[in-house]
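Chains as they are written, first to last, in the numbering used here: chain P, 41 to 430; chain S, 8 to 116.
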Amino acid sequence: VATRTGMEVSLAVSEAVKLANADVIAAYPITPQTHIVEHLAELVAQGELDAEYIPVESEHSALSACLGSSAAGARTFTATAGQGLELMHEVVYVASAMRLPIVMAVANRAVSSPLSVWGDHSDVMAVRDTGWIQIFVENGQEAIDQTICAFRMGEDRRVLLPVMVHLDGFHLSHMVEPMLFPDQAEVDAFLPPINYPLPLDPAKPVSMGDFAPPIVFTEAKWAQEINLEKSKEVILEVWHKFGERFGRNYKPVESYRCDDCDTLLMTMGSYSETAMMAIDKVREAGKKVGLLHLRLWRPFPYEELRQLAGKAKTIIVLDRAISMGMGGPVASEVRSALYPLEKKPKIVSFIGGLGGRDISPVDFETIINRGMEIAKTGSQREFEIFGVRE
Amino acid sequence: LAMLADSIKAAKKLKNEEQVTWKDIEVGGISTNPGSACQLQTGDWRSRRPTYDFSKCTKCALCQIYCPEGCIEQKEDCYFVADMYYCKGCGICSKECPTKVITMIEEKE
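This is the structure in structure tokens:
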């Protein structure tokens, strides 16, 4: 029977990694690291988790060590955040191109400068195009659930890709929440042991990360892209199986009170729960506004988004990062995904919550009202920054 | 070594690079044929080629040891000769040869 416990979400992720019975964890305590790897170090030191814990000398080395252990066929985990993700950037691409099913929790944070250890999505957006499966979780419970699911998704023979589990820095990673911890036996039944098809083996030598001249590079990249696109079927299947066993169901795009709505608010990450409160308020006031919550960031859920958002007239997207010189990355992708529709909704782009600034339910009401106004009268800017002092 | 020889044979049966489609690419671009790099004709980069005056040769094998490509073989007559399929024409063998057997000349073909 699952037990309900109050715990810091970072520690809960570590407990989920323990439940998943990871074989190797490589990590470096860069600022800002989280308690995820700190607690895993404790679990390994205390003999509660039978794993190799590799303390390396940098984040670049952390993910590099993960490449090696995953290539040897071990279930591999690491966690990072903000600057740490930037430092491992080069290796992030390698993990997906080499098709190594590493699972990495990322506590999403701002990147320097100015120096900030607080949360936003700037670090994620820098690794947007790296070929990993990327899932944004909404709360502590989901952080546990998606960490367990991530191993099964990534290690599936039809997928073989690394998975990032994104949880908002501080707003999630450092919060204490009540969460249900599944039974070890239940997790074991859900998550089969890893069985990598071509592990490093002296008896059967292979070379990995080969050189590709122009004549085959395009084919190699296309193979990788097709594989990531197809992984969505398996992601959906894993969520379905998880729902059957544990009773919590996940979809690539969640909708909240979206029926009969002309206007939709769209968020990604932990702000969605706060936004729900605002949706309830504005609906009480008689405005037909619903909420879309983007969970699956990569592979991008075009189909699901078009189904849910296609009928709306206005979609107000809140980004927690700026693509400097362009605008909101999520808004831009949503706009491009919906552009082929005959009746294109207006996309209103807001950026907010940068570097850990809170957005309260009342703030979300303001965003919704301002967004509806912009949809009617237009704005002089391509996007607006919520709450900036002019 | 026998295994490597088998792999090299297998590698030589691989598709011509120009016929490889994305479906032929192994998971993660893994190369499952060790030694398949021996297919690559590195000799076509060459702008200079080695020529030999074996009358000066002491068969010391220094040229073979120094060759970065590992393409110098000892023939049945015991002299050392570079395999032109792989030789990049770097001239290191010529530089290192203590008795000046090897002279580099311009590759004109």
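Ideal placement from N, C-alpha and C gives every residue a C-beta, glycine not left out.
Partners in chain S for residue 259(P), counting only beta-carbon separations shorter than 9 Å | What residue 259(P) touches in chain S: 27, 28, 29, 30, 31 and 32.
Which residues in the same chain as residue 312(P) place their Cβ atom closer than 6 Å to its Cβ, once the five residues preceding and following it in sequence are excluded?
-> These residues qualify, in order along the chain: 178 and 333.
Which whole-angstrom value describes the C-beta separation of residue 80(P) and residue 65(P), a residue pair presumed to lie in contact below a C-beta threshold of 8 Å?
-> Right, their Cβ atoms sit about 5 Å apart.
If you scan the stretch 319–359 of chain P from start to end, which runs of the alpha helix (DSSP H) of 4 or more residues do you find wholly inside it?
-> Here the runs fully enclosed are 342–349.
Would you tell me roughly how many angstroms separate the C-alpha atoms of residue 378(P) and residue 240(P), rounded to the nearest one?
-> Spanning the two alpha carbons is a distance of roughly 44 Å.
Assigned secondary structure, residue 208(P) (DSSP; H/G/I helix, E/B strand, else coil) | Residue 208(P) falls in the strand class under three-state DSSP.
Under the DSSP definition of a beta bridge, which residues are partnered with residue 95(P)?
-> DSSP lists 67(P) as partners of residue 95(P).
Spatial neighbours of residue 112(S) within its chain, please: CB distance less than 7 Å, with the 5 preceding and 5 following residues excluded, ordered by chain position.
-> The answer, listed in chain order, is 55, 56 and 58.
DSSP puts residue 411(P) in a beta bridge; with which residues?
-> None, per the DSSP bridge assignment.
Cutoff 8 Å: residue 36(S) Cβ touching any chain P Cβ | Put simply, the CB of residue 36(S) is near chain P, with a gap under 8 Å to one of its CB atoms.
When the cut-off is 8 Å and only beta carbons count, does residue 24(S) lie next to chain P?
-> Yes, residue 24(S) counts as interfacial toward chain P.
Burial state of residue 293(P) (16 or more Cβ within 10 Å) = Buried is the call here.
Coil, strand or helix - residue 267(P) by DSSP = Three-state result, residue 267(P): helix.
Taking only the alpha-carbon atoms, compute the straight-line gap between residue 61(S) and residue 79(S) and give it to the nearest angstrom.
-> Rounded to the nearest angstrom, the two C-alpha atoms are 15 Å apart.
Helix, strand or coil for residue 81(S) per DSSP?
-> Three-state DSSP puts residue 81(S) in a strand.
So, using beta-carbon positions, are residue 216(P) and residue 366(P) closer together than 8 Å?
-> Against a cut-off of 8 Å, the Cβ pair of residue 366(P) and residue 216(P) comes out as no contact.
Per DSSP, residue 144(P) is paired with what?
-> In the DSSP output, where bridge partners are listed per residue, residue 144(P) has 118(P) and 204(P).
Is residue 86(S) buried or exposed, if buried means 16 or more other CB atoms sit within 10 Å of its CB?
-> Looking at its Cβ environment, which holds fewer than 16 other Cβ atoms inside 10 Å, residue 86(S) is exposed.
Consult DSSP for residue 174(P) and reduce its assignment to one of helix, strand or coil.
-> Three-state result, residue 174(P): strand.
Taking a Cβ distance cut-off of 8 Å, strictly less, list which residues of the stretch 262–284 of chain P are near chain S, in chain order.
-> Along the stretch 262–284 of chain P, the positions whose C-beta sits under 8 Å from a C-beta of chain S are 262, 263 and 266, read in chain order.
Any beta-carbon of chain S closer than 8 Å to the one on residue 200(P)?
-> By this cut-off, residue 200(P) is an interface position.
At a Cβ cut of 7 Å, what residues of the stretch 40–60 of chain S count as close to chain P, listed as they run along the chain?
-> Residues 41.
In whole angstroms, what is the alpha-carbon distance linking residue 353(P) and residue 386(P)?
-> So the alpha carbons of these two residues sit roughly 6 Å apart.
Looking at the C-beta of residue 250(P), does it have a partner C-beta in chain S at a distance below 8 Å?
-> A Cβ of chain S is located within less than 8 Å of the beta carbon of residue 250(P).
Could you tell me whether the Cβ atoms of residue 74(P) and residue 105(P) are closer together than 8 Å?
-> Their beta carbons are not under 8 Å apart, which means residue 74(P) does not touch residue 105(P) by this criterion.
CB-CB under 6 Å to residue 89(S), same chain, minus the five flanking residues each way: which ones, in chain order?
-> Excluding positions up to five away in sequence, the list reads 57, 78 and 79.
So, does the CB of residue 193(P) fall closer than 8 Å to a CB anywhere in chain S?
-> It does not: the Cβ of residue 193(P) has no partner Cβ on chain S nearer than 8 Å.
Could you tell me which uninterrupted alpha helix (DSSP H) segments, each at least 4 residues in length, are contained entirely in the stretch 214–277 of chain P, listed from first to last along the chain?
-> Runs of the alpha helix (DSSP H) inside the stretch 214–277 of chain P: 224–230.
Across which residues does DSSP place residue 38(S) in a beta bridge pair?
-> The secondary-structure analysis by DSSP pairs residue 38(S) across a beta bridge with 247(P).
Between the stretch 87–96 of chain P and the stretch 123–131 of chain P, do three or more beta carbon pairs fall short of 8 Å?
-> No: the two stretches stay apart, fewer than three of their Cβ pairs being nearer than 8 Å.
So what's residue 57(S) in DSSP terms, helix, strand or just coil?
-> Residue 57(S): strand per DSSP, three-state reduction.
Since I believe residue 83(S) is in contact with residue 256(P) (beta carbons under 8 Å), could you give me their beta-carbon distance rounded to a whole number of angstroms?
-> For residue 256(P) against residue 83(S), the beta-carbon gap comes to about 38 Å, at or over 8 Å, which does not count as contact.
Residue range of the unbroken beta strand (DSSP E) whose run includes residue 399(P) | Counting along the chain, residue 399(P) falls outside any beta strand (DSSP E), and DSSP gives it neither H nor E.
Residue-chain proximity (residue 165(P), chain S), Cβ-Cβ < 8 Å | So no, residue 165(P) is outside the interface.
For residue 92(S), collect the residues of the same chain with a Cβ closer than 7 Å to its Cβ; drop the 5 residues on either side in sequence, then sort them by chain order.
-> Shown here for residue 92(S): same chain residues with a beta carbon closer than 7 Å to its own, the five before and five after excluded, namely 48 and 50 in chain order.
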